[in-house]
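Residue numbers (mature numbering (1 follows the signal peptide of the UniProt record, and there is no 0)): -20 to -1, 1 to 371. Beta carbons are placed, not taken as given, at the ideal position from N, Cα and C, and that holds for glycine. These figures come from a predicted structure and were not determined experimentally. A short write-up of the structure that comes next.
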Amino acid sequence: MKNKNIVLISLCLFSGLTIAAQNKTLIPITTRVDIQGSVAPQTSVIDGEWVAVGSKKEHAIQYDYTRTFNGKPSYRFELKQNDNTLSGYNVGETKGRAELSYCYATKEHIKNLSAEQLEYAIRAKKVYHYGKGECPQGSTKHYQFSIYVPSELDASVNTIFAQWHGMPDRTLLKTPEGVIKQVSDKEFSQIWEKVIFKKDTGYDKIAVTNANGSPKLDKNGNPVYKAGKKPNGWIVEQGGYPPLAFGFNKGFFYIKANSDRKWLTDKSDRCNIDPEKGEVMKPLTSKYKASTLAFKEPFSDFPKNTWVTFNITINWTIYRGKNENILKPGALDVIMSYDKNGEKIDRHIVNNEQILIGRNDENGYYFKFGIYRVGNSTVPVCYNLAGYKEY
């Protein structure tokens, strides 16, 4: 029966897409997956290679048959003014997300895990470590994707449209005594029983009770907990800025590379170069981090109403783990191509530049594209993406 249901869902989706193709319309992609904390149902896999994350609004991610790419519908991403659903780094700030992730784990990927091991992975938010789409530490990888930016897009937007994200392991943590250590998944699960982590900071896990003193239960019959008022000293590895991001901010198109050689990320170190004030290939640095603008140009110069294709080669920086040294810097190469008045334009905007790019983790990196609206911005964002390849 379960297999029949999957077939029926697939047939309905195919039928809907066929009708859309005939009518040249938009078809919402409504499934969402928590790639860190859940197994992706096969029915949520998009075109055999993506899952969707972020806003569940129907307009957030859609197949766009009105703007095809190589004969196929492109992906249309949109966040309206009130679509931010995430809390920012600073109190009161918000962020918005509507992206497709190339990295996720399905039932097939985790088939060799026991039920207990899977539960440990869920608690540690590392389910995607067992899936597809990871680029290993220190490797060289080639990427390609295309974006269509309409002329109506406001120059004041603050959005990342493509990013390579780290894959931090939350079993690396700091104890209340200040000891940094890597624990097993089972040990982390035992800590999870007593601690609620908000971003990277731990709080005592307190059971919520009803007015009569009985335990409060959720709709599934599980106990409800709340975080204590003050941090309890536990710090968990939670990641940081994306090691590579393509975006628009403060009236600029920019390409930014970030590096963090610290074994346990210090989230209070906000080393993040400003696309407006920063100079190309002159990194902003702190003790452990570097943030470099590999390229920038005025948003007004970015090609509009045409497909812009990026071909990227990344040599990821090689780090030395617990020693927190850099063994070999990375390199970045980017070619930007588009049509202008019927002429094919190829611009070598980043010419195999030596650069610090990556994170000092055991796991590597994965690709996402779409809208990641940051900096407390609520400026509406809408554009299309397509044509992703990695090899």
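Query raised in the report: Is it right to say GLY94 is buried, meaning 16 or more other beta carbons lie within 10 angstroms of its own, or is it exposed?
Result: Checking the displayed sequence, the identity of residue 94 turns out to be Ser instead of Gly. It is exposed - the Cβ of SER94 has fewer than 16 other Cβ atoms within 10 Å.
Query raised in the report: Just reading off the alpha helix (DSSP H) that PHE168 is part of, what are its end residues?
Result: Start and end: 165 to 172.
Query raised in the report: So what's VAL107 in DSSP terms, helix, strand or just coil?
Result: DSSP places VAL107 in helix when its eight states are reduced to three.
**Report entry** Continuous alpha helix (DSSP H) assignments of at least 4 residues falling wholly in the stretch 128 to 192
**Finding:** Fully enclosed alpha helix (DSSP H) runs of 4 or longer: 165 to 172.
Query - Alpha carbon of PHE(-7) to alpha carbon of ASP27, nearest angstrom - result: Here PHE(-7) scores only 47 on pLDDT, less than 50, and its place in the model should not be relied on; the value that follows carries that caveat. If you draw a straight line from the Cα of PHE(-7) to the Cα of ASP27, it comes to about 11 Å.
**Report entry** ASN321 Cβ short of 7 Å to the ligand ZN heavy atom set
**Finding:** For the structure depicted, the ligand ZN is absent and the ligand set is empty, with no information on it obtainable.
Query raised in the report: Excluding the five sequence neighbours on either side, which residues of its own chain have a C-beta within less than 6 Å of the C-beta of LYS(-17), listed in chain order?
Result: Bear in mind that a pLDDT of 47 at LYS(-17), under 50, signals an unreliable position, so the model cannot answer this.
Requested in this report: May I have the straight-line CA-CA distance separating VAL71 from ASN356, to the nearest angstrom?
Outcome: In this structure, the straight-line span from the alpha carbon of VAL71 to that of ASN356 is close to 10 Å.
Report task. Check each candidate in ARG12, LEU365, LYS262 and PRO223 and name the one with the smallest Cα separation from SER53. Result -> Reading the sequence as shown, one finds Pro at residue 53 and not Ser. Nearest C-alpha to PRO53: LEU365.
Report task. Could you round the C-beta distance between GLY17 and GLU79 to whole angstroms and report it? I think they count as a contact, below 8 Å. Result -> Actually they are not in contact, since the Cβ atoms of GLY17 and GLU79 sit about 16 Å apart, beyond 8 Å.
Query raised in the report: Leaving out the 5 sequence neighbours to the left and right, which residues in its chain are closer than 6 Å to THR272 when beta-carbon positions are compared?
Result: Closer than 6 Å at the Cβ level, and outside the excluded window around THR272, lie ALA237, PRO263 and ILE335.
Query raised in the report: Taking just the CA atoms, how far does SER119 sit from TRP287?
Result: Those two C-alpha atoms are separated by around 29 Å.
**Report entry** Touch test, the stretch 183 to 197 against the stretch 119 to 135, Cβ-Cβ under 8 Å, three pairs minimum
**Finding:** No, the stretch 183 to 197 is not in contact with the stretch 119 to 135.
Requested in this report: Starting from LYS320, follow the beta strand (DSSP E) in both directions and report where the run begins and ends.
Outcome: Here the beta strand (DSSP E) through LYS320 covers 310 to 320.
Query - Cβ distance (whole Å) where TRP214 is taken to contact GLY182 below 8 Å - result: Contact check for TRP214 and GLY182: beta-carbon distance about 3 Å, within the 8 Å limit, so the pair qualifies.
Query raised in the report: For ASN332, which residues from the same chain have a beta carbon less than 7 Å from its beta carbon, with the 5 sequence-adjacent residues on both sides left out?
Result: In the same chain as ASN332, and ignoring 5 residues on each side of it, the C-beta atoms closer than 7 Å to its own belong to ALA311 and ASP313, in chain order.
Report task. Grab me the residues of VAL359's own chain with a C-beta within less than 6 Å of its C-beta, minus the 5 sequence neighbours each way, in chain order. Result -> Counting only Cβ-Cβ distances below 6 Å, and skipping sequence neighbours, we find ASP134, SER136 and VAL137.
Query raised in the report: Since ILE253 sits in a beta bridge, which residues does DSSP pair it with?
Result: Its beta-bridge partners do not exist; DSSP assigns none.
Report task. Look up residue 445 in the DSSP assignment and give the residues it is bridged to. Result -> In the structure displayed, the chain extends from -20 to 371; residue 445 sits before or after that span and is not available.
Query raised in the report: For the candidate residues ILE253, PHE279, GLY76 and ASP165, whose alpha-carbon lies nearest to that of LYS60?
Result: The option with the nearest alpha carbon to LYS60 is GLY76.
**Report entry** Any chain C beta carbon closer than 8 Å to MET316
**Finding:** The structure shown contains no chain C; it is built from a single protein chain.
Query raised in the report: How about VAL107 and VAL25: are their beta carbons less than 8 Å apart?
Result: No, Cβ-Cβ distance for VAL107 and VAL25 is not below 8 Å.
Requested in this report: Report back the beta-carbon spacing between ILE235 and ALA274 to the nearest angstrom; my notes put them in contact at under 8 Å.
Outcome: Right, their Cβ atoms sit about 4 Å apart.
Query raised in the report: For VAL163, which residues from the same chain have a beta carbon less than 6 Å from its beta carbon, with the 5 sequence-adjacent residues on both sides left out?
Result: Around VAL163, the same chain offers THR151 as residues with beta carbons nearer than 6 Å, after the five sequence neighbours per side are excluded.
Requested in this report: Count the other C-beta atoms from every protein chain shown that fall within 10 angstroms of the C-beta of GLU58, then say buried if there are 16 or more, exposed otherwise.
Outcome: GLU58 is buried by the Cβ-count criterion.
Query raised in the report: When the Cβ atoms of the stretch 169 to 182 are set against those of the stretch 222 to 236, are three or more pairs found closer than 8 Å?
Result: By the Cβ rule, the stretch 169 to 182 does not count as touching the stretch 222 to 236, because fewer than three pairs are nearer than 8 Å.
Report task. Report the partner residues of PHE282 according to the DSSP bridge assignment. Result -> Note: PHE282 sits in no beta bridge, so no partner.
Query raised in the report: For LYS302, which three-state DSSP category applies?
Result: DSSP places LYS302 in the helix class (H, G or I) of the three-state scheme.
Query raised in the report: The beta strand (DSSP E) spanning THR293 covers which residue range?
Result: Per DSSP, the continuous beta strand (DSSP E) segment holding THR293 begins and ends at 287 to 295.
Query raised in the report: Among all the DSSP beta bridges, which residues are the ones paired with VAL330?
Result: VAL314, per the DSSP bridge assignment.
Query - 3 or more residues per run - each beta strand (DSSP E) lying fully within the stretch 192 to 217 - result: Within the stretch 192 to 217, the runs of beta strand (DSSP E) that reach at least 3 residues and sit entirely inside it are, in chain order, 205 to 216.
**Report entry** N- and C-terminal bounds of the beta strand (DSSP E) containing ILE41
**Finding:** 41 to 49 is the extent of the beta strand (DSSP E) around ILE41.
**Report entry** In chain order, each beta strand (DSSP E) run of at least 3 residues that lies wholly inside the stretch 48 to 80
**Finding:** With a minimum length of 3 residues, the continuous beta strand (DSSP E) runs that stay inside the stretch 48 to 80 are 52 to 59.
Query raised in the report: How is VAL361 classed by DSSP in three states: helix, strand or coil?
Result: Here VAL361 sits in strand by DSSP.
Query raised in the report: Got a sec? Which residues, its chain only, sit under 7 Å from PRO116 by beta carbon, not counting five neighbours each side?
Result: Contacts found: GLY344.
Query raised in the report: Is the CB-CB distance between ARG12 and LYS37 below 8 Å?
Result: Here ARG12 is not near LYS37, since their CB atoms are 8 Å or more apart.
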